[in-house]
Amino acid sequence: DSCIQFTRHASDVLLNLNRLRSRDILTDVTILVNRQQFRAHKTVLMACSGLFYTIFTDSHKCNLNAISLDPKVDPEGFAILLEFMYTSRLTLKESLIMSIMNTAIYLQMDHVVDTCHRFIKSSDP
Amino acid sequence: YEGVNTIKERGRSIHEIPRQD
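So the sequence lines, in the order shown, correspond to chains A and B.
Sequential numbering from 1 applies to the first sequence in this note's numbering.
Sequential numbering from 1001 applies to the second sequence in this note's numbering.
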């Protein structure tokens, strides 16, 4: 028996999900961060973040079409993490590293938190 | 998949949704 493994299938699917997001197709939730709004797919959010997984597996909350995050969350940090969820690329700017890491802690994205820790350690003189 | 001959296909796996129609 043989099996064909398409090695770039996961990234091709993610690319298409990101195109759907950028065109606002089948996005089903608005994330409010301070006054900024981000449209996204619940399934992608919950696949990447422990916080969103908890929210959307709760039968009382899974049908919400808008979620407000803690006002302490920095929209710029959230935007970078949302971009990461849809592209697998995490932009770590030194000026934003603390807000990215704190947002990742809040969103329960443990692997990203570890990566931020390593980035901070490696840039420490 | 143990014992199955796995062939790697490195080309695109699905159509690409355009940025805009």
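Here a beta-carbon is modelled for each residue, glycine too, at the ideal position from N, C-alpha and C.
Annotation: the region 4-38 of chain A contains the following complete segments of the beta strand (DSSP E) (minimum length 3 residues), in chain order: 29-33. Within its own chain, the residues whose Cβ lies closer than 8 Å to the Cβ of Gln37 of chain A, once the five positions on either side in sequence are excluded, are Thr30 and Ile31, listed in chain order. Taking every protein chain shown into account, the CB of Asn1005 of chain B has fewer than 16 other CB atoms within 10 angstroms, so this residue is exposed.
For the C-beta of Arg19 of chain A, the chain B residues within less than 8 Å are, from N- to C-terminus, Glu1016, Ile1017, Pro1018 and Arg1019. By the Cβ test, the region 100-116 of chain A is in contact with the region 64-84 of chain A, since at least three Cβ pairs between them sit closer than 8 Å. Within chain B, the C-beta atoms nearer than 9 Å to that of Val13 of chain A come from Ser1013 and Ile1014, in chain order. With contact defined as three or more Cβ pairs closer than 8 Å, the region 1003-1017 of chain B and the region 62-75 of chain A are not in contact. Taking the Cα positions, Arg89 of chain A is about 28 Å away from Leu64 of chain A. Within chain A, the residues placing a beta-carbon under 8 Å from that of Glu1009 of chain B are Ile4, Gln5, Phe6 and Thr7, ordered along the chain.
With a threshold of 8 Å between beta carbons, Asp28 of chain A makes no contact with chain B.
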